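Residue numbers (our numbering): 192 to 485.
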């Protein structure tokens with residue numbers, strides 16, 4: 192029998208390249224200059240900055256997106272006096288304050304900075320040697336508070352001199368330097384005389400200073416008692432009939448300075464001596480804490 196004819200496999204179809212139809216060509220008609228609107232004689236107006244903030248042009252029929260340009264001055268008013276929204280409430284239901292309430296307003300009093308009590312006392316102390324009709328410029332309680340806040344023994348001396356304003360005619364602070372007491376700070380008329388700066392008191396020789404170390408605080412002297420006292424009264428008073436109030440400032444039992452106030456010929460009030468005694472005790476306490484004195 193004749194051999195059977197083999198069937199040839201069919202070839203796969205060839206892929207066809209599909210292309211998009213060409214886009215229709217739009218006719219572009221040139222704009223003639225005659226088609227433009229004629230210019231007017233009205234002055235040109237520049238757009239305000241607000242008309243461009245947040246503005247984006249939309250398509251045809253969509254209108255502007257974001258911000259609409261204002262057309263009148265009434266539309267451009269910004270209200271700053273009343274918040275736009277009510278303040279939010281916390282979890283407890285308490286209304287929270289807005290930032291506007293924390294802004295300093297012109298009609299509100301300016302905040303006053305905290306002033307150190309010692310500096311405020313020095314500023315309040317009057318430079319006049321006459322006692323005002325309504326009393327001294329500073330009170331004893333103010334002096335005690337200022338002493339408690341003093342951060343140096345130099346400030347202690349300044350506070351004591353400020354206390355003297357309106358109470359005494361002159362006041363001096365004499366520091367101990369190698370056994371000699373010299374004037375370091377002073378207040379009152381005539382305190383810058385050459386006799387004051389030249390005064391030197393030997394603490395190893397009897398004087399009203401050595402008597403004050405062993406006597407009450409403060410001690411009152413109305414006349415010289417030792418040869419050195421003549422120089423002290425002459426330099427610090429100018430007249431021997433005046434009263435001198437003296438109390439030592441010591442630390443750990445050792446004298447470091449002497450406070451001397453010249454009161455004048457008038458007798459001293461017992462209440463003033465008691466008040467000055469409280470101030471002297473507080474000053475000694477502060478000097479002991481600070482361990483040094485200029």
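Think of the CB as a built atom: it goes at the ideal place given N, C-alpha and C, for glycine as much as any other residue.
A quick note: this is a predicted structure, and the numbers were derived from the prediction, not measured.
Stretch-stretch touch, CB-based, cutoff 8 Å, three pairs: the region 457 to 474 with the region 359 to 371: No, the region 457 to 474 does not touch the region 359 to 371.
Minimum C-alpha distance to residue 357 - residue among 468, 474, 475, 454: 454
Where residue 367 sits in the DSSP three-state scheme: strand
Residue 338, buried or exposed, once every other Cβ within 10 Å from all chains shown has been counted against 16: Classification for residue 338: buried.
Alpha-carbon spacing of residue 376 relative to residue 352, whole angstroms: 8 Å
Buried/exposed call for residue 367, threshold 16 Cβ in 10 Å: buried
Start-end ranges of the beta strand (DSSP E) lying completely within the region 332 to 365, minimum 3 residues: Runs of the beta strand (DSSP E) lying entirely within the region 332 to 365, each at least 3 residues long, are absent.
Contacts around residue 387, its chain only, beta-carbon distance under 8 Å, and the 5 residues preceding and following it disregarded: Beyond the five residues adjoining it in sequence on each side, residue 387 comes within less than 8 Å, by CB distance, of 363, 374, 377, 381, 426, 427 in the same chain, given in chain order.
Where the beta strand (DSSP E) through residue 379 begins and ends: Looking at the DSSP string, residue 379 is not in any beta strand (DSSP E), and its letter there is neither H nor E.
Nearest-angstrom Cα separation, counted from residue 395 out to residue 460: 32 Å
Residue 419 (DSSP reduced to helix, strand or coil): helix
C-beta neighbour in chain B for residue 349, strict 9 Å: The structure shown contains no chain B; it is built from a single protein chain.
Euclidean distance between Cα positions of residue 420 and residue 435: 11 Å
Three-way DSSP call (helix, strand, coil) for residue 467 in this model: If DSSP states are grouped into helix, strand and coil, residue 467 belongs with the helices.
CB contact flag (residue 449, residue 439, <9 Å): yes
Proximity below 9 Å, CB of residue 479 to CB of residue 442: The Cβ-Cβ distance between residue 479 and residue 442 falls below 9 Å.
Buried versus exposed call for residue 360 [16 or more other C-beta atoms within 10 Å across all chains shown]: Within a 10 Å sphere around the beta-carbon of residue 360 sit 16 or more other beta-carbons, which makes this residue buried.
Nearest-angstrom Cα separation, counted from residue 476 out to residue 433: 29 Å
Nearest-angstrom Cα separation, counted from residue 456 out to residue 355: Rounded to whole angstroms, residue 355 and residue 456 show a C-alpha spacing of 16 Å.
Three-way DSSP call (helix, strand, coil) for residue 461 in this model: helix
Span separating the alpha-carbon of residue 408 from that of residue 447: 15 Å
DSSP bridge partner residues for residue 451 (one or two, in chain order): 363, 437
Residue range of the beta strand (DSSP E) that includes residue 411: 410 to 412
Beta-carbon contacts of residue 418 that lie in its chain and below 6 Å, excluding the five residues immediately before and after: Counting only Cβ-Cβ distances below 6 Å, and skipping sequence neighbours, we find nothing.
Secondary structure of residue 425, DSSP reduced to three states: Helix, per DSSP.
Own chain, CB closer than 7 Å to residue 343, minus 5 neighbours either side, in chain order: 481
Where residue 486 sits in the DSSP three-state scheme: Residue 486 lies beyond the stretch modelled for the chain, which goes from 192 to 485, so this question has no answer here.
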